[in-house]
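Going by the numbering used here, the letters in the sequence shown line up with residues 8 to 104, in that order. Every residue gets a Cβ at the ideal spot worked out from N, C-alpha and C, and that includes glycine. Right, one structure below, let's go through it.
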Amino acid sequence: MISNYLSGDKALTYMLVRHKVADFARWKQIFDSHKEAQEKAGLKLKHLWRNLDDSNEVFFLFEVEDLKRAQAFLSSQDPKVKDEAGVRDEPDLYFLS
């Protein structure tokens with residue numbers, strides 16, 4: 008995909024996340040249960056991938072409607088939810104444009 012900067016259009020913002028989970032099926036169930044909260048934060052899931060060499064390593068990409076709302080959503084996350092979902096490491100998180 009050619010960057011929106013090259014075409015002269017306003018660039019969209021995305022959030023790319025990578026982390027490892029103990030059990031993908033369990034993590035996915037909890038991840039999906041937060042869809043409404045993600046949407047209220049202006050996050051629209053565009054892609055979800057699993058590492059072919061490690062099916063419990065997850066990558067996902069959100070389109071970000073409002074950067075400040077997305078950051079507020081992330082900072083309000085309860086650490087217990089990550090534990091319940093089986094997140095095994097600190098996620099790598101990137102805002103991209």
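Taking all protein chains in view, the Cβ of F102 is surrounded by fewer than 16 other Cβ atoms within 10 Å, so the residue is classified as exposed.
According to DSSP, F102 shares a beta bridge with M22. Within the stretch 26-100, the complete alpha helix (DSSP H) runs of at least 4 residues fall at 31-40, 42-47, 74-82 and 86-92. Relative to L19, the option among L81, D99, F66 and L74 whose CA is nearest is L74.
The straight-line gap separating the alpha-carbon atoms of F31 and K47 is approximately 24 Å.
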